[in-house]
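S.K.:
Number of protein chains: 2
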Amino acid sequence: MSGRLMKVISKSGEYGLRALLYMASNQKNKGYFNIRDMSEELDISFHFLTKILQVLTQKGILQSYRGPNGGVGFFKNPEEITLSAIIRALEGDDFFDKCLLGLPGCGERQPCPMHAYWMDIRNNLKYEFETTSLADLGQDTREKQFRLIA
Amino acid sequence: MSGRLMKVISKSGEYGLRALLYMASNQKNKGYFNIRDMSEELDISFHFLTKILQVLTQKGILQSYRGPNGGVGFFKNPEEITLSAIIRALEGDDFFDKCLLGLPGCGERQPCPMHAYWMDIRNNLKYEFETTSLADLGQDTREKQFRLIA
DNA sequence: AAGATTAAAGAGTATTTTATCTTAAATAAA
DNA sequence: TTTATTTAAGATAAAATACTCTTTAATCTT
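Those sequence lines, one after another, are chains V and G. For the first sequence, the positions run 1 to 150 when my numbering is used. For the second sequence, the positions run 1001 to 1150 when my numbering is used.
Next comes the structure, spelled out in structure tokens:
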């Protein structure tokens, strides 16, 4: 029962977010990011990362190009990509609506004991995530040289 | 990549918390709660629940008794059991200290891009969980007849 | 057009989490 | 002291998540 940690997001979520932060903080105006290079830079399994970025492409956050000098690039402008959109793409659309106790259909009509309490916290988190853009985080990462690897 | 939800706590965490809320909202001044009965009442696998409650006993939140009319009861007064203590017992002691990106050793000295931002959110959550007692939640549950089952 | 490069897709493996089943140990009651 | 009851503990199974490997499709270069 120990060893588990506040795992708000899955490994896929962690890796996807790290990749996006990497891309946003290494703004190149043209061209695509090579996934192999990124996987080595970030020390993430290449195939696994590929699949995660695929999802982000399917969700309309990234676009991809095959062939020599191919890779992935932003489809939307990082200014318009919220942390919320990223997390929802990677973790599921109902990410911010889940009951703390895991009860299905928990809500105003049939609340669990934690409902009102947890909703406040959740909504706060939701607001924070909705008002933070990838561009902001990327700029911070670049300027303050924040680390993206262990 | 869909179907995953904001899983702040594991199934063990959900079940353990639900059981504690059940106990706190069914205050009997003497005697122990029978685990079999609770497992049926809450629709949680008996053996799994037993193991979870075992952990809460080992962590000094509950006490247990074997044999006829045995069961589990509070070791500490629910007034003095914080939500924080419960979550930490069930999810690990470092629950509120984990990096959103999963980077080991993330902190002031070597922050990830999310560190300051996430720390604020985490600390807020931590504060909320530390200032909420099981007795309060249990009283609410009883008075407002909140549900603990699907 | 042929070959090289790169992401997409699918199948397969490993690890972790969740759940079950069996046996042991403690306690109580007859 | 025997039997019934109940939690503890350990072994096993199933499901979910994380990761790897192989093949395919798109694109570029020559």
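Just so it is clear, CB atoms sit at the ideal spot from N, CA and C, and this is done for glycine as well.
Starting from residue 1025(G), trace the alpha helix (DSSP H) both ways and give me its first and last residue.
M.R.: Position 25 of the second sequence, counted from the first residue, corresponds to residue 1025(G). It spans 1011 to 1025 - the alpha helix (DSSP H) in which residue 1025(G) sits, taken as one unbroken run.
S.K.: Can you name the start and end residues of the alpha helix (DSSP H) that residue 84(V) belongs to?
M.R.: Here residue 84(V) refers to the residue found at position 84 of the first sequence. 83 to 91 is the span of the alpha helix (DSSP H), which, as asked, contains residue 84(V).
S.K.: On the three-pair Cβ rule with 8 Å, is the region 10 to 28 of chain V touching the region 1101 to 1117 of chain G?
M.R.: yes
S.K.: Quick check: residue 72(V) and residue 84(V), are their CB atoms within less than 8 Å of each other?
M.R.: By 1-based counting over the first sequence, the position of residue 72(V) is 72. By 1-based counting over the first sequence, the position of residue 84(V) is 84. Contact flag unset, no.
S.K.: Could you check which residue in 23(V), 129(V), 46(V) has the C-alpha nearest to that of residue 1169(G)?
M.R.: Within the shown structure, residues of chain G are numbered from 1001 to 1150, placing residue 1169(G) beyond reach of any answer.
S.K.: Is it buried or exposed for residue 1144(G), if we count other Cβ within 10 angstroms and need 16 for buried?
M.R.: Position 144 of the second sequence, counted from the first residue, corresponds to residue 1144(G). Residue 1144(G) comes out exposed.
S.K.: CB residue 15(V) to CB residue 48(V), shorter than 8 Å?
M.R.: Taking the first sequence and counting its residues from 1, one reaches residue 15(V) at position 15. Taking the first sequence and counting its residues from 1, one reaches residue 48(V) at position 48. It is a contact, given that the beta carbons lie within the stated cut-off.
S.K.: Show which residues of chain G have a CB atom less than 8 Å away from the CB atom of residue 146(V).
M.R.: Counted from its first residue, the first sequence places residue 146(V) at position 146. 1111, 1112, 1113, 1115, listed in chain order.
S.K.: Report the neighbours of residue 1104(G) on chain V: residues whose CB is nearer than 8 Å to its CB, in chain order.
M.R.: As a first step, residue 1104(G) must be located in the second sequence, where it is residue number 104. Result: 150.
S.K.: Going by DSSP, what residues sit across from residue 71(V) in a beta bridge?
M.R.: For the purposes of this step, residue 71(V) is taken as residue 71 along the first sequence, with counting starting at 1. Answer by DSSP bridge pairing, in chain order: 65(V).
S.K.: Can the beta-carbon of residue 1079(G) be found closer than 8 Å to that of residue 1135(G)?
M.R.: For the purposes of this step, residue 1079(G) is identified with residue 79 of the second sequence, where counting begins at 1. For the purposes of this step, residue 1135(G) is identified with residue 135 of the second sequence, where counting begins at 1. Yes; because the gap between Cβ atoms is below 8 Å, this pair is in contact.
S.K.: With DSSP run on the structure shown, which of helix, strand or coil describes residue 45(V)?
M.R.: As a first step, residue 45(V) is located in the first sequence; it is residue number 45 there, counting from the start. Of the three classes helix, strand and coil, the one that applies to residue 45(V) here is coil, per DSSP.
S.K.: Is there a C-beta anywhere in chain G that falls below 8 Å from the one on residue 5(V)?
M.R.: Your numbering for residue 5(V) matches position 5 in the first sequence. Interpretation of residue 5(V) is limited by its pLDDT of 42, a score under 50 that renders its predicted location unreliable; no figure is taken from the coordinates.
S.K.: Classify residue 150(V): buried if its beta carbon has 16 or more other beta carbons within 10 angstroms, exposed otherwise.
M.R.: Translated into positions along the first sequence, residue 150(V) becomes position 150. Its Cβ having fewer than 16 others within 10 Å, residue 150(V) is exposed.
S.K.: Please tell me whether residue 1082(G) has its Cβ less than 8 Å away from any Cβ of chain V.
M.R.: In the second sequence, counting from the first residue as 1, residue 1082(G) sits at position 82. Chain V, which has no Cβ nearer than 8 Å to the Cβ of residue 1082(G), makes this no.
S.K.: Would you say residue 72(V) lies against chain G (beta-carbon separation less than 8 Å)?
M.R.: As a first step, residue 72(V) must be located in the first sequence, where it is residue number 72. Output row for residue 72(V): interface = no.
S.K.: Using the rule of at least 16 other Cβ atoms within 10 Å of the residue's Cβ for burial, across every protein chain shown, is residue 1092(G) buried or exposed?
M.R.: Looking up residue 1092(G) in the second sequence gives position 92. Buried, because 16 or more other Cβ atoms sit within 10 Å of the Cβ of residue 1092(G).
S.K.: According to DSSP, which residues form a beta bridge with residue 1033(G)?
M.R.: Translated into the one-based positions of the second sequence, residue 1033(G) becomes position 33. Answer is 1072(G).
S.K.: Since I believe residue 61(V) is in contact with residue 81(V) (beta carbons under 8 Å), could you give me their beta-carbon distance rounded to a whole number of angstroms?
M.R.: Reading the first sequence from its first residue, position 81 is the one you call residue 81(V). Reading the first sequence from its first residue, position 61 is the one you call residue 61(V). Confirmed, Cβ separation roughly 6 Å.
S.K.: If you drop the 5 nearest sequence neighbours on each side, which residues of the same chain put their C-beta closer than 7 Å to that of residue 39(V)?
M.R.: Taking the first residue of the first sequence as position 1, residue 39(V) is located at position 39. 45, 46, 49, listed in sequence order.
S.K.: For the alpha helix (DSSP H) holding residue 1059(G), just list the boundary residues, first then last.
M.R.: Along the second sequence, one-based indexing puts residue 1059(G) at 59. Counted as a single uninterrupted DSSP element, the stretch harbouring residue 1059(G) is not any alpha helix (DSSP H), since DSSP gives it neither H nor E.
S.K.: Anything in chain V within Cβ reach of residue 1141(G), meaning under 8 Å, just list it in chain order.
M.R.: By one-based count along the second sequence, residue 1141(G) stands at place 141. Within 8 Å Cβ-Cβ: 113.
S.K.: For residue 9(V), go through chain G and note every residue whose CB falls closer than 8 Å to its CB, in chain order.
M.R.: Within the first sequence, numbered from 1, the residue matching residue 9(V) stands at position 9. Within chain G, the residues near residue 9(V) are 1100.
S.K.: Distance check for residue 114(V) and residue 1026(G), CA to CA, integer angstroms please.
M.R.: Sequence index remark: in the second sequence, residue 1026(G) carries index 26 (1-based). Sequence index remark: in the first sequence, residue 114(V) carries index 114 (1-based). Their Cα atoms are separated by approximately 16 Å.
S.K.: Can you name, in chain order, every residue of its own chain whose Cβ lies under 7 Å from the Cβ of residue 34(V), other than the five neighbours on each side?
M.R.: As a first step, residue 34(V) is located in the first sequence; it is residue number 34 there, counting from the start. Hits under 7 Å: 71.
S.K.: Less than 8 Å between CB atoms is the rule here; does residue 1014(G) satisfy it with respect to chain V?
M.R.: Looking up residue 1014(G) in the second sequence gives position 14. Cβ-Cβ to chain V under 8 Å: yes for residue 1014(G).
S.K.: Looking only at its chain, what residues have a beta carbon closer than 6 Å to the beta carbon of residue 1132(G), apart from the 5 residues adjacent to it on each side?
M.R.: One-based indexing of the second sequence puts residue 1132(G) at position 132. Closer than 6 Å at the Cβ level, and outside the excluded window around residue 1132(G), lie 1083.
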